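Q:
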Amino acid sequence: MQQGLKQIEGLRQEGFVPYHTSLTEEVTAQQRTLESETEGLANTQTLIEKAIHWFQAHSMFVVAYGTGCGAIEMPPVFTSRYDIERLGVVGVATPRQADILIVSGYASLKTLRRIIRTYEQMSEPKYVIALGSCTINGGMYWDSYNTIKKLEDYLGVDMYVAGCMPRPEALIEGFVKLQAAIRDQTLEPGYVRYRDDYAWYRRNQEKVLGKNIAPQYEENYAGMELS
Amino acid sequence: MATVTLLLELLLMVGMAYSFGFLYYGLYRNITARVHGRFGPSIAQSFWDSIKLFSKATSTSFGWMFTAGPIIMASGAVMTVLFIPFFNQGDHLQGLSPYGNLLVVLYFMVLGPLGNALGVGSSGNPFGAMGITRGLTRLFALEMPLYLATIGLMITGGTADIHTLMIQQSTTPNLLSHPLLFVAAFLSLVGFLGKSPFDVVGAPQEVYSGPAVEFGGKFLALALSQSAVFTFAKLLLMVDLFWGGAATLLELIFKTFVFFVVTVFIGNVYGRFTTVQSVEFLLKVPTVIAIVGLLRV
Chain A
0 MQQGLKQIEG LRQEGFVPYH TSLTEEVTAQ QRTLESETEG LANTQTLIEK
50 AIHWFQAHSM FVVAYGTGCG AIEMPPVFTS RYDIERLGVV GVATPRQADI
100 LIVSGYASLK TLRRIIRTYE QMSEPKYVIA LGSCTINGGM YWDSYNTIKK
150 LEDYLGVDMY VAGCMPRPEA LIEGFVKLQA AIRDQTLEPG YVRYRDDYAW
200 YRRNQEKVLG KNIAPQYEEN YAGMELS
Chain B
0 MATVTLLLEL LLMVGMAYSF GFLYYGLYRN ITARVHGRFG PSIAQSFWDS
50 IKLFSKATST SFGWMFTAGP IIMASGAVMT VLFIPFFNQG DHLQGLSPYG
100 NLLVVLYFMV LGPLGNALGV GSSGNPFGAM GITRGLTRLF ALEMPLYLAT
150 IGLMITGGTA DIHTLMIQQS TTPNLLSHPL LFVAAFLSLV GFLGKSPFDV
200 VGAPQEVYSG PAVEFGGKFL ALALSQSAVF TFAKLLLMVD LFWGGAATLL
250 ELIFKTFVFF VVTVFIGNVY GRFTTVQSVE FLLKVPTVIA IVGLLRV
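Protein chains in written order, with numbering that gives the first Met the number 0: chain A, 0 to 226; chain B, 0 to 296.
1. So, are the CB atoms of B:Leu141 and B:Phe53 less than 9 Å apart?
2. Just checking, does the stretch 182 to 194 of chain B make contact with the stretch 137 to 155 of chain B on the three C-beta pairs under 8 Å criterion?
3. Compare the C-beta of B:Phe19 against all C-beta atoms of chain A and say whether one is closer than 9 Å.
4. Three-state secondary structure (DSSP) at A:Ser107?
5. For the stretch 209 to 223 of chain B, which residues have a beta carbon sitting closer than 8 Å to at least one beta carbon of chain A?
6. Pull out every residue of the stretch 35 to 50 of chain B whose Cβ sits closer than 8 Å to any Cβ of chain A, in chain order.
7. Contact criterion: CB-CB distance below 9 Å. Does A:Ile114 meet it with respect to chain B?
8. Of all the CB atoms in chain B, is at least one closer than 9 Å to the CB of A:Phe54?
9. Can you list the residues of chain B that A:Val91 reaches, using a CB-CB cut of under 8 Å?
10. Could you tell me the boundaries of the alpha helix (DSSP H) in which B:Gln241 lies?
11. In this structure, how does DSSP classify B:Met129 when only helix, strand and coil are distinguished?
12. Does B:Leu9 come out as helix, strand or coil in the three-state DSSP assignment?
13. Taking only runs that begin and end inside the stretch 144 to 205 of chain B, name each unbroken alpha helix (DSSP H) of 4 or more residues, in chain order.
14. Going by DSSP in three states, A:Leu154 sits in which element: helix, strand or coil?
15. Should the stretch 110 to 123 of chain B be regarded as contacting the stretch 201 to 220 of chain B, the criterion being three or more beta carbon pairs within less than 8 Å?
16. Check whether the Cβ atoms of A:Thr78 and B:Arg271 lie closer than 9 Å to each other.
17. Taking only the alpha-carbon atoms, compute the straight-line gap between A:Ile147 and A:Ser107 and give it to the nearest angstrom.
18. Output needed for B:Ser208: all residues of its chain with C-beta closer than 7 Å, excluding positions within five of it in sequence on either side, in chain order.
19. So for B:Met15, helix, strand or coil by DSSP?
20. Nearest by alpha-carbon distance to B:Leu147: which of B:Leu101, B:Ile131, B:Leu110 is it?
21. Expressed to the nearest angstrom, what Euclidean distance is found between the alpha-carbon atoms of A:Val89 and B:Gly111?
22. For a cutoff of 9 Å on Cβ pairs, would you count B:Ser96 as touching chain A?
23. Between B:Ala128, B:Gly14, B:Val238, which lies nearest to B:Phe253 when the distance is taken from Cα to Cα?
24. Pull up the distance between the alpha-carbon of B:Leu234 and that of A:Gln184, whole angstroms please.
25. Can you name the start and end residues of the beta strand (DSSP E) that A:Ala129 belongs to?
26. May I ask you to report which of helix, strand or coil DSSP gives B:Met78?
Below, the structure is given as structure tokens:
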């Protein structure tokens with residue numbers, strides 16, 4: 000607890016804007032997420048909502064975009080050895096068709112621009128799986144000058160798969176957990192957080208990327224001006 | 000009363016085409032998976048995908064023409080299936096075939112790709128335009144053998160009415176009496192179904208799913224659904240024209256499925272042609288076969 004407070008204080012001194020208003024709140028929120036089995040909205044869903052969430056859980060289109068070294072773990076997941084198509088997970092070529100974005104490993108600042116742009120072009124409901132330690136706390140790139148440390152500051156992440164590198168089994172486990180969470184609605188989706196707290200995410204994005212990034216995100220963001 | 004029955008039957012026809020189309024697509028995914036040494040998804044996976052896509056909250060549009068594109072495509076597919084009789088006897092599930100013949104069906108078959116071209120063109124995505132260019136180039140080459148084969152059938156039968164053509168095959172199906180025309184039309188069908196080696200349009204590794212590159216959410220759902228309906232319509236047309244149609248539902252499923260499985264196996268064995276190769280192949284091999292078949296009629 001004390002160490003966590005110290006770490007956050009250190010980050011704050013570096014000019015980092017935290018999501019939670021107080022330090023204790025952030026640490027307790029993290030602890031709560033780690034420890035609790037969230038009850039969720041499972042009991043309040045109507046039959047139609049339940050059906051729709053079931054279909055959403057059992058049909059996941061993953062945008063084929065490997066950002067870091069973790070991308071090498073994805074081909075075995077999709078091909079004969081591990082065959083994740085059994086779970087209804089398939090790869091698609093464009094963000095418009097996709098439901099899931101896997102940020103596989105470290106995200107350099109150059110890649111982060113593309114990740115944000117890809118994420119914003121996906122249609123809701125959309126989910127982010129963060130693969131590898133680098134997306135959680137920077138991992139082995141913790142003191143790198145050109146990679147981000149914590150993906151949650153720039154996108155709404157729904158599922159973390161820890162490890163360096165996580166095995167394909169771990170990624171499948173992440174998919175299964177995410178499916179259960181979507182089916183039972185036990186998670187607050189990252190895209191809702193991203194939409195609601197967009198100003199905060201945008202500020203963090205501008206902090207590392209500068210002002211010269213994709214235009215302001217809107218819910219029917221068309222990607223480019225056609226005029 | 001007759002109008003109400005007809006309307007209900009039309010709905011049933013579209014529903015059947017939708018269900019069988021998706022079921023076949025699910026089987027296609029399964030068979031492909033087995034060929035790869037995988038288990039593959041559930042047979043109903045394509046239904047789930049389509050329902051999920053219809054329930055997506057947002058779908059980005061690029062203007063009214065973009066929205067109209069998938070709708071024109073879907074109407075082309077639905078109209079095609081409505082003008083093809085399902086059975087070769089009885090009065091039921093004949094659809095609108097008494098009001099339009101084979102020429103109308105051939106006309107509606109190209110409506111979809113043209114609507115798609117208009118819609119995708121307005122998105123401004125270069126990969127979409129590339130996919131459309133590939134699609135229309137291939138369509139031109141696909142039409143040659145198919146049209147020559149159907150012209151041959153129309154000359155021998157002396158009619159363009161699909162139902163009459165089916166009844167004429169009650170002794171020997173065209174499959175056996177005009178094998179050259181059948182081979183030409185079947186190679187064209189493989190291309191029409193978008194299976195390998197003719198899957199140049201939506202090649203995910205080259206043009207990022209081509210025409211569907213900007214389709215998300217409900218647009219993609221509509222595109223996939225029309226594709227399922229259209230797939231079944233094309234299989235049905237082939238069964239009607241070359242295998243004497245079907246008398247019962249079971250026979251219909253069996254015959255369409257046989258054609259489908261053969262195209263799937265061809266797709267699993269052969270790699271993808273480039274656009275030029277596919278056009279060259281279609282204009283050389285099936286077209287020449289069709290011309291020889293036409294001369295022997």
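Backbone N, C-alpha and C fix where the C-beta goes; we use that ideal spot for every residue, glycine too.
Treat the numbers as computed from the prediction; the structure is a model and nothing was measured.
A: On the basis of the data shown:
1. In this structure, B:Leu141 lies away from B:Phe53, with their beta-carbon atoms at least 9 Å apart.
2. Yes: at least three Cβ pairs fall under 8 Å.
3. Not one chain A Cβ lies under 9 Å of B:Phe19.
4. In this structure, A:Ser107 counts as strand in the three-state DSSP scheme.
5. Within the stretch 209 to 223 of chain B, those residues whose Cβ lies closer than 8 Å to any Cβ of chain A are, in chain order, Ala211, Val212, Glu213, Phe214, Gly215, Gly216, Leu219.
6. Those would be His35, Gly36, Arg37, Phe38, Gly39, Pro40, Ser41, Gln44, Trp47, Asp48, Ile50, in chain order.
7. At a cut-off of 9 Å between C-beta atoms, A:Ile114 does not count as an interface residue with respect to chain B.
8. Output row for A:Phe54: interface = yes.
9. Going along chain B in sequence order, the residues near A:Val91 (Cβ under 8 Å) are Pro203, Ser208.
10. The amino acid at residue 241 of chain B is misidentified as Gln; the sequence shows Phe. Note, B:Phe241: alpha helix (DSSP H), 217 to 241.
11. Helix at B:Met129.
12. B:Leu9: helix per DSSP, three-state reduction.
13. Assignment of alpha helix (DSSP H) within the stretch 144 to 205 of chain B, counting only whole runs of 4 or more residues, yields 161 to 167, 173 to 176, 178 to 191 in chain order.
14. The three-state reading of DSSP puts A:Leu154 in coil, since its state is none of H, G, I, E or B.
15. Because the criterion of three Cβ pairs below 8 Å is met, the stretch 110 to 123 of chain B and the stretch 201 to 220 of chain B touch.
16. No. Outside cutoff.
17. Cα to Cα, the separation comes out at about 6 Å.
18. Result list for B:Ser208: Gly201, in chain order.
19. In this structure, B:Met15 counts as helix in the three-state DSSP scheme.
20. Nearest C-alpha to B:Leu147: B:Leu101.
21. Distance from the CA of A:Val89 to the CA of B:Gly111, rounded to the nearest whole angstrom, comes to 26 Å.
22. The beta carbon of B:Ser96 does not come within 9 Å of any beta carbon belonging to chain A, so the residue lies off that interface.
23. Of B:Ala128, B:Gly14, B:Val238, the residue nearest in Cα terms is B:Val238.
24. For B:Leu234 and A:Gln184, the distance between alpha carbons rounds to 41 Å.
25. Unbroken beta strand (DSSP E) run through A:Ala129: 126 to 130.
26. Helix, per DSSP.
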